[in-house]
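In this note's numbering, the protein residues as written are 1155 to 1343.
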């Protein structure tokens, strides 16, 4: 049933053949993971991407004085580190689960074979990456264009339960504001 949910997600980008579904059923690995677990840490070479079925996660980078959240993922999204995944080089990012989660992982090494056997998968992979790149660009523009309150409203319009799963300091770092500013904005809500 959970794989069907994932296949329905993929079908939004390109119709999946029964053969592709069967093959993916063999190469996708289901993982039940716990809150606080790191899927990858800075300094590692990415070996897989994940599709989040239940739960949520964040990507963050370590800076000398704090951890800065750079992205959040929620159900039905593809998770991968932005640095290092495509190039198979050391990443500077960490991915941490914010709650108990159900994931499907796909090995980096399985992707070229998937594309070779099923060229349609390239269209799905490309569409998922393009969507994510568009979202990253939008976030970057929002940080420059929107004021603190507008960024807050937009984020919680999209992910209303985020305050229940993520620390306030992490949300503030993602929004490019201080925790005090975030607290004031929450109080106005």
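Just so it is clear, CB atoms sit at the ideal spot from N, CA and C, and this is done for glycine as well.
Requested in this report: Using beta-carbon positions only, say whether residue 1320 and residue 1253 come within less than 7 Å of one another.
Outcome: Numbered from 1 along the chain shown, position 166 holds the residue referred to as residue 1320. Numbered from 1 along the chain shown, position 99 holds the residue referred to as residue 1253. No, they are not a contact pair.
Query raised in the report: Are the segment 1207-1226 and the segment 1234-1249 touching by the rule of at least three beta carbon pairs closer than 8 Å?
Result: Taking 8 Å as the limit for Cβ pairs, the verdict is that the segment 1234-1249 does touch the segment 1207-1226.
Query raised in the report: Taking the continuous alpha helix (DSSP H) assigned at residue 1247, which residues delimit it?
Result: Along the chain shown, read from residue 1 onward, the residue named residue 1247 stands at position 93. It is not in any alpha helix (DSSP H) - residue 1247 instead sits in the beta strand (DSSP E) that spans 1247-1251.
Report task. Report the three-state DSSP secondary structure of residue 1337 (helix, strand or coil). Result -> Taking the chain shown and counting its residues from 1, the one referred to as residue 1337 is at position 183. Helix, per DSSP.
Query raised in the report: At what residues does the alpha helix (DSSP H) containing residue 1180 begin and finish?
Result: As a first step, residue 1180 must be located in the chain shown, where it is residue number 26. First-last of the alpha helix (DSSP H) with residue 1180: 1172-1181.
Query raised in the report: What are the start and end residues of each continuous beta strand (DSSP E) run of 3 or more residues lying completely inside the segment 1248-1307, in chain order?
Result: 1255-1261
Query raised in the report: Hey, residue 1251 and residue 1191: beta-carbon distance below 7 Å or not?
Result: For this step, residue 1251 is matched to residue 97 along the chain shown. For this step, residue 1191 is matched to residue 37 along the chain shown. Yes, these two residues count as a Cβ contact at 7 Å.
Query raised in the report: Which term fits residue 1155, buried or exposed, when burial requires 16 or more other beta carbons within 10 angstroms of its beta carbon?
Result: The residue you call residue 1155 lines up with position 1 of the chain shown. Exposed.
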